[in-house]
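Below is one structure, written out as structure tokens, with a few remarks after it.
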Amino acid sequence: MPNAAPVTQSSSIVQIEPWIDDDELRELKRVIDSTFLVEHDLTREFESLTARLASCKHAIAVCNGSMALFVCLKALGIGPGDEVIVPNLTFVATANAVILAGATPVLCEVQEDTFCLDVERAEKLLTRKTRAIMPVHLYGQSADMPQVTALARRHNLKVIEDAAEGVGVTFEGRHVGTFGDMGILSYYGNKTITCGEGGMVLTDNDGLAKAAYRLKNYGRDQKGTFVHESIGFNFSFTDLQAAIGIAQMKKLPAIVRRKREIHDRYVEELRGLAGLRPGFIDPRCQPVFWFTSFLCEDPEALSVFLRRYNIQTRRFFYPLHLQPCYADGRHARVIDEDFRVSERIYRQGISLPSACTLTPDDQAFVIEKIRRFHADRN
Ligand SMILES: Cc1ncc(COP(=O)(O)O)c(C=O)c1O
Numbered sequence: 166m167p168n169a170a171p172v173t174q175s176s177s178i179v180q181i182e183p184w185i186d187d188d189e190l191r192e193l194k195r196v197i198d199s200t201f202l203v204e205h206d207l208t209r210e211f212e213s214l215t216a217r218l219a220s221c222k223h224a225i226a227v228c229n230g231s232m233a234l235f236v237c238l239k240a241l242g243i244g245p246g247d248e249v250i251v252p253n254l255t256f257v258a259t260a261n262a263v264i265l266a267g268a269t270p271v272l273c274e275v276q277e278d279t280f281c282l283d284v285e286r287a288e289k290l291l292t293r294k295t296r297a298i299m300p301v302h303l304y305g306q307s308a309d310m311p312q313v314t315a316l317a318r319r320h321n322l323k324v325i326e327d328a329a330e331g332v333g334v335t336f337e338g339r340h341v342g343t344f345g346d347m348g349i350l351s352y353y354g355n356k357t358i359t360c361g362e363g364g365m366v367l368t369d370n371d372g373l374a375k376a377a378y379r380l381k382n383y384g385r386d387q388k389g390t391f392v393h394e395s396i397g398f399n400f401s402f403t404d405l406q407a408a409i410g411i412a413q414m415k416k417l418p419a420i421v422r423r424k425r426e427i428h429d430r431y432v433e434e435l436r437g438l439a440g441l442r443p444g445f446i447d448p449r450c451q452p453v454f455w456f457t458s459f460l461c462e463d464p465e466a467l468s469v470f471l472r473r474y475n476i477q478t479r480r481f482f483y484p485l486h487l488q489p490c491y492a493d494g495r496h497a498r499v500i501d502e503d504f505r506v507s508e509r510i511y512r513q514g515i516s517l518p519s520a521c522t523l524t525p526d527d528q529a530f531v532i533e534k535i536r537r538f539h540a541d542r543n
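Here my numbering runs 165 ahead of the position in the sequence shown, where the first position is 1.
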């Protein structure tokens, strides 16, 4: 881990940042020397590394996670007239990808404990138009995938897993994003490992892999030809992104380890503070603590207090049914209007500084300030 200077009140403790150093520079030099900046050999290498990480047959690099979701939806033939179940508590990109594909997102409540899709509630939302279900593996946890896939089998639904936040996360030993028909990962700058921007489509199905590749490559099976078998677009990766990703992938085990240490220390040293509860971990899941999150009575007040000491925190995702862009009901279908669980999680959730670059001294400072906040209020 890099050595940061000890914290003073003028240096910021960031909520999240990537670990970037000479390793990334060395890989980038390979690209610069080759002069192949566009998607080429290093992208294939990075796809192989991702496929190996996830134990998945195909990993197809796409410009970002949002477009990876769109590619999955189109590869599965989902479009106008179709409904797709999405959790109400997620980053907005999950539902927006459904809209871009021309289909309608149907908002579903999440589970109180894992914050992920409530599959029993999802079953009640199914209509003749439901074609797919899109569980999200939120904050480095996993949705209950055996339950999701059982539901999909019973009702002949496709499963697209949004594992944007799930790099390295496994459920009963299997990497998230590989349980359904297709899944995606994100390599955006704040993710567990990053390429700056970047996404990956995961699938074990040869036909879907081919369809996904065509969709991102102007509708053709290979670059360098002007014969286009189907309608496609340009969601290419670049070897510049791949170079960073290759260096990051080597750091992944150390990042995961460090994030667990950070999580465990917060949980241990904040134990017993009234009203501050760590997120629940499903014992079947081997999480990656992308963010260490707690539920508390007044996360906004805590966040404002910590900001006085240059400590950054983040509130939880704003539930989709409350978003200005969804609240009027024109873009998403809201069948079940009871979203008390996602509203409560949003109202109580706070993510603490969780970067793998957080030094032990910085973390001690954060913990001390959280204790002070609680002492002042009690
Ligand atoms: C749950 C979720 N889905 C989708 C995305 C979109 O990924 P990207 O930023 O790579 O487009 C993100 C975050 O970035 C996310 O957190």
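For glycine and all other residues, C-beta sits at the position ideal for the given N, C-alpha and C.
Pull up the CB-CB distance for residue i and residue j, whole angstroms please, since I reckon it's below 8 Å.
| i | j | result |
| --- | --- | --- |
| residue 233 | residue 397 | That belief does not hold up - the Cβ atoms of residue 233 and residue 397 are roughly 14 Å apart, past 8 Å. |
| residue 350 | residue 331 | 7 Å |
| residue 259 | residue 301 | 6 Å |
| residue 272 | residue 253 | 5 Å |
| residue 496 | residue 454 | At roughly 33 Å, the Cβ-Cβ gap does not stay under 8 Å, so residue 496 and residue 454 are not in contact. |
| residue 236 | residue 400 | 6 Å |
| residue 238 | residue 263 | 7 Å |
| residue 501 | residue 289 | 7 Å |
Residues in the same chain with beta-carbon distance under 7 Å from residue i, minus the five sequence neighbours each way, listed in chain order, please.
| i | result |
| --- | --- |
| residue 294 | 246, 247 and 248 |
| residue 291 | 320 |
| residue 515 | 458, 459, 461, 464, 467, 468, 478 and 480 |
| residue 312 | 284 |
| residue 287 | 250, 273, 298 and 316 |
| residue 538 | 467 and 470 |
| residue 180 | 477, 478, 479, 516, 518 and 519 |
| residue 418 | none |
| residue 196 | 202, 207, 404, 405 and 408 |
| residue 393 | 383, 384 and 385 |
| residue 214 | 411 and 414 |
| residue 354 | 183 and 361 |
Among residues of its own chain, excluding the 5 on either side of residue i, which ones have a beta-carbon nearer than 6 Å to its beta-carbon?
| i | result |
| --- | --- |
| residue 329 | 230 and 351 |
| residue 269 | 248 and 498 |
| residue 192 | 408, 411 and 412 |
| residue 532 | 434 |
| residue 521 | 184, 420, 423 and 424 |
| residue 171 | Low per-residue confidence applies at residue 171: pLDDT is 41, beneath 50, and the placement is therefore not dependable enough to give any value. |
| residue 395 | 379 and 384 |
| residue 211 | 407, 410 and 411 |
| residue 243 | 266, 268, 296 and 297 |
| residue 491 | 485 and 497 |
| residue 222 | 369 |
| residue 228 | 400 |
| residue 441 | 435, 459 and 461 |
| residue 168 | In this predicted model, residue 168 has a pLDDT of only 47, less than 50, meaning its place in the structure is not dependable; the value taken from the coordinates is given anyway. Contacts found: none. |
| residue 432 | 443 |
| residue 376 | 240 |
| residue 194 | none |
Any heavy atom of ligand 2 closer than 7 Å to the CB of residue i?
| i | result |
| --- | --- |
| residue 202 | With respect to ligand 2, the structure shown offers nothing to examine, as its ligands consist of ligand 1. |
Beta-carbon within less than 8 Å of residue i's beta-carbon, same chain only, minus the 5 sequence neighbours each way: which residues are those?
| i | result |
| --- | --- |
| residue 543 | 439 |
| residue 503 | 274 |
| residue 174 | Residue placement at residue 174 is flagged as unreliable, the pLDDT there being 47, under the threshold of 50; the coordinate-derived value follows with that caveat. Excluding sequence neighbours, residue 174 sits near 474 and 475. |
| residue 553 | This structure gives no information on residue 553, because the portion of the chain shown stretches from 166 to 543. |
Is residue j closer than 8 Å to residue i when the C-beta atoms are compared?
| i | j | result |
| --- | --- | --- |
| residue 414 | residue 358 | yes |
| residue 240 | residue 204 | no |
| residue 485 | residue 255 | yes |
| residue 449 | residue 528 | no |
| residue 307 | residue 447 | yes |
| residue 346 | residue 370 | yes |
| residue 474 | residue 534 | yes |
| residue 361 | residue 456 | no |
| residue 201 | residue 510 | no |
| residue 278 | residue 445 | yes |
| residue 224 | residue 373 | no |
| residue 553 | residue 333 | Outside the shown range of the chain, which is 166 to 543, sits residue 553, and nothing can be said about it. |
| residue 257 | residue 488 | yes |
| residue 190 | residue 340 | no |
| residue 314 | residue 344 | yes |
- prompt: Listed by chain order, which residues have C-beta atoms less than 6 Å from any heavy atom of ligand 1?
  reply: The set, ordered by position in the chain, is 229, 230, 231, 255, 256, 258, 259, 301, 327, 329, 330, 351, 353 and 364.
Minimum length 4: unbroken alpha helix (DSSP H) runs contained in the region 452-488: DSSP assignment within the region 452-488 yields the following whole alpha helix (DSSP H) runs of 4 residues or more, N-terminal first: 464-472.
Contiguous alpha helix (DSSP H) assignments of at least 4 residues, all confined to the region 168-218: You should have 187-199.
- request: Run through the region 485-538 for me and flag every whole beta strand (DSSP E) of 3 or more residues, listed as ranges in chain order.
  value: Whole beta strand (DSSP E) segments, 3+ residues: 514-517.
- request: Could I get the ranges of all uninterrupted alpha helix (DSSP H) runs contained in the region 279-326, with 4 residues as the minimum, in chain order?
  value: Taken in chain order, the complete alpha helix (DSSP H) segments of 4 residues or longer contained in the region 279-326 are 284-289 and 310-320.
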